[in-house]
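Quick note, the sequences are listed as chains A and B, same order.
For the first sequence, position 196 (counting from the first letter as 1) is numbered 196 according to the working numbering, and the numbering increases by one without interruption.
Convert by adding 377 to the 1-based position in the second sequence; the result is the number in the working numbering.
Think of the CB as a built atom: it goes at the ideal place given N, C-alpha and C, for glycine as much as any other residue.
These figures come from a predicted structure and were not determined experimentally.
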Amino acid sequence: MRKPLPAWVDISIMPLINIAAAFVVAGIIIALIGENPFTALAVMIKGAFVYKGALGYTLYYTTNFIFTGLAVAVAFHAMLFNIGGEGQAMIGGLGIGFIVLSLDPILPPLLVILLAIPVAAIFGAIWGVIPGWLQARRGSHIVITTIMFNFIASSIMVWLLAGMLMAPGQMSPETRHFADGVSLMQIHHIGNALGWPMARSPLNLSFVIALIAAVAVWVLIWRTRLGYIIRATGHSEKAVIYAGHDPARIIMIVMAISGGLAGLMALNEILGVQERVILNFTSGYGFTGIAVALMGRNHPFGIVLASLLFGALYQGGAELDFEFQTITREMVLMIQGLIILFSGALALMFVPAAERIYGKLASADRSSDTRKGEQNG
Amino acid sequence: MAELWLQFVLTIDATLRVATPLILCAMAGIFSERSGIIDISLEGKMLLSAFTAASVAALYGSPFLALGCAVIVSMLFSLLHGFACITHRGNQVISGLAINILASGLTVTVGIAIFAQGGQTPFLMSEQRFSAITLPFAETARHIPVFGTIYAEVISGHNLLVWIALLSVVITGYVLFRTTFGLRLRAVGEKPEAVDTAGISVTLMRYQAVLIAGFLCGIAGAYLSIAHGAGFVREMTAGKGYIALAAMIFGHWRPVPALLACLMFGFLEAIAARLQGVEVPFLGPMPTDLILVLPYVLTVILLAGFIGRAVPPRSIGQPYIKER
């Protein structure tokens, strides 16, 4: 007998089943290539957590995914599908570039950093709010517009970085180095200063900002009026209009928040690690955010967990390059695709079977209960 | 003057070469979306089939076998898309995205496993590829002014797949607007309940549509790696699938306008390639990046209704739930 799944099964067991399915398929592909999937898994786990400094790298990747995952999730709550995280992050990085390159000769580093953080969010927000406006007021489909905006952002980056922003006297498309001290402090420096020796890693203060953002999103969505209206917009636009709100305005606000979160991802890469604006620093993290949001069920806590998993996959995947001749970090891209497939597009595939199993277990429980009751009586 | 004319004719020739995969993918998109299934996985299917074609051609040497395998692989991924979106009513955009990302990872992973060349396939010899077909009298005609140059440069000298792409537009138009199948397919994208009431399976219609889309994407991919190019390079589709999607929207989900949009986008790309490094008075080097981004910008403007209105099929993106 089929029984609807209780909430706890739906949010804990079902995602695990979907991820497991993705890993099983990935394992089969690795086996077909002629490698041992379990050895590959061991290499990845070691690479992600065990080696010196590995955890720092894992958390550094995690930071990117928390930002882009939250960005996708906030939009999802209003039933908007923001595929534009990639472009929004690029433009966020561009914003950091503008502010730092123009102010770092005159202002103290700390002030420049404090200005750069909101500017990253604002630039990302602008790149998110335009598709939002186009959807809300002009009726264009947000999926298509955000896809196009990714390409437009990428062209703008190429044009500016190979043109007016290119550092004088060099050939690669990137800006000059930021002034000394204009960067987010790396965690191992802080650790060493406090007397905890840590291995070098690119993990920096933006990880802390990411965690704060996760809490802020949780508060926004579940503890504020605006969050309530956002979720209501996702469920029924008519109800929102009836309650006296303008859904078009809500859509634009949501897309601004979503774009802003994606823009903050640039903090980690540009202000935390590169200390200059380079081309393609987003490397697909914006798209990974979609997988993260799907896996994390659009809840900040789930997103942090999913980001950690993807951080480990990326860092562990880099390790594959060293250990194997035939499998490389592109394997991670494949796993990512499979995760999006199973926990996104095929999310409902295992539900009927799970309901059947749960129904059996539940009725078995009940019958044993009644039997106990009979014995007692 | 004669030099300028020749330059122009060569650009038109390049336009056709660049537009070929766009045309095939745009027709694929039309079939899928007209039936109500959003297909942003044109890109991924094209990438997978480009890889398959190049691998099979490198291993077995036959371009026709390679084309066949490319088409089959592309159709298998169409089936996956259909399985997720039609059978399991999954989100069509998410499914398409998954296929695109999967394609990026899978092509390089399998490529390294087979050829150990960093994700590329070996360089293909001319007998492993679809080579240019020189039409009769092309060389003699070259000396005839105007028409001769056009005949020799633009019409002659294309490979088989370019002709197939052009033919696909005619066939798409015929199938969609002159056959019962086409009528049903369009109806399924507009009002699936009506089709269902008439006793026709919505599921079956949609599966057929996505399979046709896969078939066409497969040809497009094979064109990239074994006709236009001579081997597979990682990420070789480079957003062409999305440009095709834009062209399809630009052409209002109709074959001939979509063809024109593909040619326009192809022309932009061809002209950008020609103008690379050309100095413009007062501006410095030609901003070719800005020409290349025009298809995306124009599509955004069109979708926003500033130049005409693009109205998608009404039931697009909505899984059909049969009432019981």
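Scanning its chain for C-beta atoms nearer than 6 Å, with the 5 sequence neighbours on each side dropped, one finds around residue 533/B the residues 511, 512 and 515, in chain order. Against chain A, the beta carbon of residue 390/B has no neighbour under 7 Å; the closest one sits roughly 26 Å away. Contact between the stretch 309-318 of chain A and the stretch 37-48 of chain A is present: three or more C-beta pairs spanning the two stretches fall below 8 Å. Under the three-state reduction of DSSP output, residue 83/A falls in the coil class, being neither helix nor strand. Cβ atoms of residue 262/A and residue 71/A come within 8 Å of each other, at about 4 Å. Residue state for residue 626/B is assigned as helix, using DSSP reduced to three classes. Around the Cβ of residue 690/B, a 10 Å sphere holds 16 or more other Cβ atoms; the residue is buried. CA-CA distance, residue 171/A to residue 276/A, rounds to 15 Å. Within chain A, the C-beta atoms nearer than 7 Å to that of residue 681/B come from 134, 138 and 140, in chain order.
Around the beta carbon of residue 173/A, a 10 Å sphere encloses 16 or more other beta carbons of the protein chains shown; the residue is thus reported as buried.
Interface flag for residue 673/B against chain A is set, since a Cβ pair is found closer than 8 Å. Residue 267/A holds the alpha-carbon nearest to the alpha-carbon of residue 282/A among 258/A, 267/A and 296/A. Cβ-Cβ separation between residue 671/B and residue 645/B: approximately 5 Å, consistent with a contact (criterion under 8 Å). By the Cβ-count criterion, residue 104/A is buried, with 16 or more other Cβ atoms from all chains shown falling within 10 Å of its own Cβ.
Following the DSSP letters along the chain, one finds residue 665/B inside the alpha helix (DSSP H) bounded by residues 665-669. Counted as a single uninterrupted DSSP element, the alpha helix (DSSP H) harbouring residue 595/B occupies residues 579-600. Counting C-beta pairs with one atom in each stretch, the stretch 610-623 of chain B and the stretch 412-432 of chain B have three or more that are closer than 8 Å, which means they touch.
A Cβ-Cβ distance of about 6 Å is found for the pair residue 80/A and residue 254/A, placing them in contact under the 8 Å criterion. In this chain, residue 462/B is not harboured by any alpha helix (DSSP H), its DSSP state being neither H nor E.
The beta carbon of residue 18/A is closer than 6 Å to those of 342 and 343 in its chain, skipping five residues each way along the sequence. Annotation: the continuous alpha helix (DSSP H) that includes residue 404/B extends over 379-411. In terms of CA proximity to residue 548/B, 636/B leads the group 485/B, 504/B, 636/B and 580/B. Going by DSSP, residue 154/A is part of the alpha helix (DSSP H) stretching over 142-161. DSSP, reduced to helix, strand and coil, places residue 477/B within a helical segment of the structure shown. With fewer than three CB-CB distances shorter than 8 Å, the stretch 105-112 of chain A does not count as touching the stretch 52-68 of chain A. Not a single C-beta of chain B is nearer than 8 Å to the C-beta of residue 269/A. Contact residues of the stretch 602-627 of chain B toward chain A are 611, 616, 619, 620, 622, 623 and 626 (C-beta to C-beta distance below 9 Å). Relative to residue 491/B, the option among 609/B, 406/B, 676/B and 693/B whose CA is nearest is 609/B. Closest in alpha carbon position to residue 669/B, among 655/B, 648/B and 658/B, is 648/B. With contacts defined by Cβ atoms closer than 8 Å, residue 148/A and residue 677/B form a contacting pair. Residue 397/B is not a Cβ neighbour of residue 518/B, given a cutoff of 8 Å. The Cβ neighbour count for residue 502/B, taken over all protein chains shown within 10 Å, is under 16; the residue is labelled exposed. DSSP lists 204/A as the bridge partner or partners of residue 186/A. Between the stretch 624-640 of chain B and the stretch 401-409 of chain B, the count of C-beta pairs closer than 8 Å reaches three or more; the two stretches touch. With fewer than 16 other CB atoms across the displayed protein chains lying within 10 angstroms of its CB, residue 197/A is exposed.
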